[in-house]
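**Student:** Could you have a look at this structure, given as C-alpha cells, before my questions?
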Amino acid sequence: MIRVLLADDEGMIRSALAALLRLEDDIEVVAECEDGEQAVAEALRLQPDVCLLDLEMPGLDGVQVAERLNRAISTRCVVVTRHARPGVLRRALASGVAGFLPKSRGADEVAAVIRRVAAGARYVDPEIAADALSDERSPLTDRELDVLRAGRRGETTGQIARALALAPGTVRNHISVILGKLHVGTRQQAVLIAEERGWI
Amino acid sequence: MSSRIEPLAPAVSSPGAVSLTRGVTATWWYTLTAVLFIEVMLIGAWVGFVAAMDFRVTIVLVVAVGGLLWCASTLLLLFDYRHRIDAGPGVPWRRLAVPLVVAVAFGGVAGVLTGSWQLAVMPLAQSLVLLNWPRGVRFRVVVAATLLLVALAFVDSATDAPGMGIPTWLPGAYAALLPGMTVSSLWFWDVMVTLDRARASESRLAATQERLRVATDVHDLQGHHLQVIALQLELAERLLPRDADAGMEQLRAARVSVDEARQGTRDLATRFRSVPLSDELANARDLLRAAGLEVEAMIDPDAAAAPASALGPVIRETTTNVLRHGGGRRARLALTRTADAWRYEIANDTAQGARVGDDGSGLEGVRRRIDDARGTLEVHADEEEFVVVVTVPSNAEEVR
C-alpha cells in the first residue's frame, strides 16, 4: 500500500481526486489538507510515502511545503499545478520535488506517477518541461538579481547596501542598469517583472 | 563564420536591447562631460581673471584648487541626478549636504578673497540648479539663479570690486549663462530617457494587444467546446437510465472533448512562445543543475542561427528524458557547428536499471522531424552513459 497525503485548497478537486485515487487498489489516501501549513503538520504526524501537493495554495505553496518536508522526513513530494509559472520547475527541482504534473492529467495518470515516485524514480511531465525550456532568460546578472531580491519588499537603497555589503552608490548604479535593461521606471516595477518571470 | 566554442554565458539578452542600453549610457556620459566642461571652463575664466587682476598667488591658487574641488563635488550631484528614479520623492538633503557645503565654502572663501559677489554666489547657485527639482520648480530655480547672477555681475562692476580696466563682464556673463546651459544639458538627457521609455512601452503595448487577440480566440474556443460538452453530458443523462452503454459512450466522448478544449487552449497560449535555441539550452542547463546534476554545457556563440524547428523539439524531448529518468549525477550538453552541419549532443550517466520500458517512444517522434530536415539521430546506450547525438545540415530551414 502506498500511503498518500493530498493537499489542495480547492475542496471539489481535492475530494474528487481523493475518491478517484481510493479506487486504486494499491493507494491509500491517509490525509486531505486544505492549505500548506496543515499539509506540513499532517505529513510530519502521519509520515506518508507520497505527498501530492497543489502548487497554488494560500500561505505556503506546494514547493515550500515540499522543501520543509524534505528537510524533516523521507517522504516523496509530487507538485501539481494548473499553470506552471516561469521558473517554478527549476525551484521545485532544486528543493527536491520528485514529481511535477499539470492538473489536467487524469487520476489514472496521477496514480501511475505516484507509483513511479514511490518506487524512487523522478517524474517531470513533458508539457511542463517544454514550458520551462521556453522560459524567457533573464537579462540581469546574478549581482543585479541579488539587488532586486534584497529590495523586493521596498527596502531602501541603504538597507540593500547593508544586506549585500555593498556601497550605496554601487547599489544605485546596479539599480539604474536594471531599470535600463528592463525598460521600466521604478525598482518596484523591476521587482514585479522579475517575480512574474520567475527570475527571483 | 566562427566556430569558436564558449561556455554558456550566464545571462543572454537580446542584442538590440543591449546596444540601446549602451546608447543611453553613452548619452549620459556625454551630458556629464558637457556640464563638467562648462564648469571647468568657468573656473578657468575666473582663475585667469583673478591672475590678470594681479592678486597674490595664494588667492589665485585658492580660486583654482577650490574651483576644481567644487567641480568634483558637483559630480556627486550629477550622479544623484542620474539615479533619481530610484530615490523617493523630495530632495535627499542629507546625502547632498557634502556637495552643497563644498559649494558654500568655496563661494564664501573665493568671494571674500576676491571681493566679488558673483563668485561668492555662483557655486551654490549652480549646485542648486543640479538638484532634482520637480519640473516647474526647476525652471523657477534656473530663472532666479540667472537673474541673481546677472544682478550680482552689475553690483560687482558698479562697486568696481575686482579692479579697474579689466573686462569684468566676461566671466560675469559666462557665470550668468551657466545655469541655463547646465539645465539644457540635463533637459537633453531627460528627453533621451523619456524617448527610451516610450519605445519600451510601445513594444509592451504591442505585446498587450497580441495578448488581447489571444484572449478573444481562447474565449471563442472555450465557448464552443463548453457547448459541445454540455450537449454530450445532457445526452448521457438522458441515455443512462435506458441504455447504459450508450450513456457511458457519451461520457467518454465528453472527456475527450475536455481534453481537446484543454489542448486547444494550450496551443493558443503557447503559439507565440518561442525562445532562441541558445536560451532553450541555457534553460535546460539550469533545470538539470536544479535537479542536482553536474552539468557541462558548451554552446556555439551563433547558436541562434541553428535550425530551431528541427533542433528545438529534440532539445525538449531529450532534456525531459534526462530529468525524468533521473538518478544520474552528470550531464553534458553541446551544440556545435561543423563545416556544413549543426551537431547537438546530450549525454547523461545512467543509474542502474533506471531506463527500463519507455525509452525511445518519445525519440521516435523526434526522429521523424530530423529525417524531414535530412539530419541524423544516433542513440548510444551502455551501462554507464546514455548519449543522443543529432546532426542537422546548416541549411535545413531552407530545405523544409
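As they're listed, the protein sequences go chains A and B. Numbering (the working numbering) for the first sequence: 159 to 358. Numbering (the working numbering) for the second sequence: -13 to 386. All C-beta atoms in this analysis are idealised placements derived from N, C-alpha and C, irrespective of residue type, glycine included.
Just mark Ile285 (chain B) as buried or exposed, buried being the case when its beta carbon has 16 or more other beta carbons within 10 Å.
**Tutor:** Under this definition Ile285 (chain B) is a buried residue.
**Student:** Going straight from the alpha carbon of Ala289 (chain B) to that of Leu267 (chain B), what length do you get?
**Tutor:** Answer to the nearest angstrom: the Cα atoms are 10 angstroms apart.
**Student:** Helix, strand or coil for Trp14 (chain B) per DSSP?
**Tutor:** Of the three classes helix, strand and coil, the one that applies to Trp14 (chain B) here is helix, per DSSP.
**Student:** Our contact map puts Ala50 (chain B) next to Val33 (chain B) with C-beta atoms below 8 angstroms; I'd like the distance itself, whole angstroms only.
**Tutor:** Rounded, the Cβ-Cβ distance is 5 angstroms, consistent with contact.
**Student:** According to DSSP, what are the bridge partners of Pro260 (chain A)?
**Tutor:** According to DSSP, which records beta bridges pairwise, Pro260 (chain A) is partnered with A:Thr239.
**Student:** To the nearest angstrom, how far is it from the Cα of Phe372 (chain B) to the Cα of Ala288 (chain A)?
**Tutor:** Approximately 21 angstroms between the Cα atoms of the pair.
**Student:** Using the beta-carbon of each residue, which ones in chain A are nearer than 8 angstroms to Thr305 (chain B)?
**Tutor:** Neighbours of Thr305 (chain B) on chain A, chain order: Ala287 and Leu291.
**Student:** Would you say Ala252 (chain A) reaches chain B, if we count a Cβ-Cβ gap shorter than 9 angstroms as a contact?
**Tutor:** True, the Cβ-Cβ gap to chain B drops below 9 angstroms.
**Student:** In whole angstroms, give me the CA-to-CA distance for Gln346 (chain A) and Pro293 (chain B).
**Tutor:** Their backbone Cα atoms lie some 38 angstroms apart in a straight line.
**Student:** Would you check if there are 3 or more beta carbon pairs closer than 8 angstroms linking the region 195 to 206 of chain A to the region 168 to 185 of chain A?
**Tutor:** These segments do not touch.
**Student:** Report buried or exposed for Val208 (chain A), applying the criterion of at least 16 other Cβ atoms within 10 angstroms of its Cβ.
**Tutor:** The residue in question, Val208 (chain A), is buried, as its Cβ has 16 or more Cβ neighbours within 10 Å.
**Student:** Residues in the same chain with beta-carbon distance under 8 angstroms from Gly343 (chain B), minus the five sequence neighbours each way, listed in chain order, please.
**Tutor:** In this predicted model, Gly343 (chain B) has a pLDDT of only 43, less than 50, meaning its place in the structure is not dependable enough to derive any value.
**Student:** Spatial neighbours of Glu303 (chain B) within its chain, please: CB distance less than 6 angstroms, with the 5 preceding and 5 following residues excluded, ordered by chain position.
**Tutor:** If we look at Glu303 (chain B) and ignore the five residues flanking it on each side, its Cβ neighbours are Gly348 and Val352.
**Student:** Spell out a yes or no on whether the region 251 to 258 of chain A and the region 268 to 281 of chain A are touching, meaning 3 or more CB-CB pairs, one atom from each, closer than 8 angstroms.
**Tutor:** Counting Cβ pairs under 8 angstroms, three or more are found: they touch.
**Student:** With a threshold of 8 angstroms, are at least 3 pairs of Cβ atoms found where one atom belongs to the region 268 to 275 of chain B and the other to the region 291 to 302 of chain A?
**Tutor:** They touch, by the three-pair rule.
**Student:** Do the region 222 to 232 of chain B and the region 195 to 211 of chain B meet, that is, are 3 or more Cβ pairs less than 8 angstroms apart?
**Tutor:** No, because fewer than three Cβ pairs between the region 222 to 232 of chain B and the region 195 to 211 of chain B fall closer than 8 angstroms, the two stretches do not touch.
**Student:** May I ask you to list the residues that DSSP assigns as paired with Arg190 (chain B)?
**Tutor:** The partner list for Arg190 (chain B) (beta bridge, DSSP) is empty, contrary to what the question assumes.
**Student:** Listed from N- to C-terminal order along the chain, which residues in the region 270 to 301 of chain B have their beta-carbon within a distance smaller than 8 angstroms of any beta-carbon of chain A?
**Tutor:** Within the region 270 to 301 of chain B, the residues whose Cβ lies closer than 8 angstroms to some Cβ of chain A are Ala270, Asp272, Leu273, Ala276, Ala277, Gly278 and Ile301, listed in chain order.
**Student:** In whole angstroms, what is the alpha-carbon distance linking Glu282 (chain B) and Val261 (chain B)?
**Tutor:** Cα-Cα distance, rounded: 21 angstroms.
**Student:** Measuring only between beta-carbons, confirm whether Asp335 (chain B) sits less than 9 angstroms from chain A.
**Tutor:** Not an interface residue.
**Student:** Out of A:Arg180, A:Pro206, A:Ala189 and A:Ser334, point me to the one whose CA is closest to Asp166 (chain A)'s CA.
**Tutor:** Here the closest residue by C-alpha is A:Ala189.
**Student:** For a quick check, are the C-beta atoms of Gly53 (chain B) and Ile24 (chain B) less than 9 angstroms apart?
**Tutor:** Contact flag unset, no.
**Student:** Mind the definition here: the region 94 to 109 of chain B touches the region 347 to 357 of chain A only if three or more C-beta pairs lie below 8 angstroms; say whether that holds.
**Tutor:** Touching, no, given that fewer than three Cβ pairs across the two stretches are closer than 8 angstroms.
**Student:** Counting only the same chain and skipping the five closest in sequence on each side, list residues whose C-beta sits under 7 angstroms from that of Val36 (chain B).
**Tutor:** The residues are Ile45, Val46, Val49 and Thr100.
**Student:** Could you tell me whether the region 158 to 175 of chain B touches the region 103 to 115 of chain B, using the rule of 3 or more Cβ pairs below 8 angstroms?
**Tutor:** The region 158 to 175 of chain B is in contact with the region 103 to 115 of chain B.
**Student:** Looking at chain A, is there any beta carbon in it that lies within less than 9 angstroms of the beta carbon of Ala222 (chain B)?
**Tutor:** No, no contact with chain A.
**Student:** Near Gln399 (chain A), which residues of its chain fall below 8 angstroms by C-beta distance, leaving aside the five closest residues on each side in sequence?
**Tutor:** Summary: the structure shown does not reach residue 399 (chain A), with chain A confined to residues 159 through 358, and so no result is reported for it.
**Student:** Please work out which residues of its chain come closer than 8 angstroms, Cβ to Cβ, to Val204 (chain B), disregarding the five sequence neighbours upstream and downstream, and give them in chain order.
**Tutor:** Closer than 8 angstroms at Cβ, skipping near neighbours: Thr251, Leu254 and Ala255.
**Student:** On a CA-only basis, which of B:Arg315, B:Glu350 and B:Val308 is nearest Glu331 (chain B)? Give me that one, please.
**Tutor:** Cα-wise, what sits closest to Glu331 (chain B) is B:Val308.
**Student:** Cβ closer than 8 angstroms: which chain A residues qualify as neighbours of Leu309 (chain B)?
**Tutor:** Going along chain A in sequence order, the residues near Leu309 (chain B) (Cβ under 8 angstroms) are Leu251, Arg280, Val282 and Ala287.
**Student:** Which first and last residues belong to the alpha helix (DSSP H) in which Glu195 (chain A) is found?
**Tutor:** Where Glu195 (chain A) is concerned, the enclosing alpha helix (DSSP H) stretches over Gly194 to Leu204.
**Student:** With a threshold of 8 angstroms on Cβ separation, who are the neighbours of Ile231 (chain A) within its own chain once the five nearest residues in sequence on each side are excluded?
**Tutor:** Contacts found: Ala201, Leu202 and Gln205.
**Student:** Which two residues bound the contiguous alpha helix (DSSP H) that contains Trp56 (chain B)?
**Tutor:** From DSSP, the alpha helix (DSSP H) with Trp56 (chain B) extends over Val43 to Arg68.
**Student:** Starting from the beta carbon of Ser243 (chain B), find every residue of chain A whose beta carbon is closer than 7 angstroms, and list them in chain order.
**Tutor:** Those do not exist, as Ser243 (chain B) stays about 13 angstroms from chain A at its closest Cβ, beyond 7 angstroms.
**Student:** If you reduce the DSSP assignment to three classes, tell me which class Val342 (chain B) lands in.
**Tutor:** In this predicted model, Val342 (chain B) has a pLDDT of only 44, less than 50, meaning its place in the structure is not dependable enough to derive any value.
**Student:** What alpha helix (DSSP H) runs, 4 residues minimum, are completely inside the region 224 to 307 of chain B?
**Tutor:** Fully enclosed alpha helix (DSSP H) runs of 4 or longer: 230 to 256 and 263 to 276.
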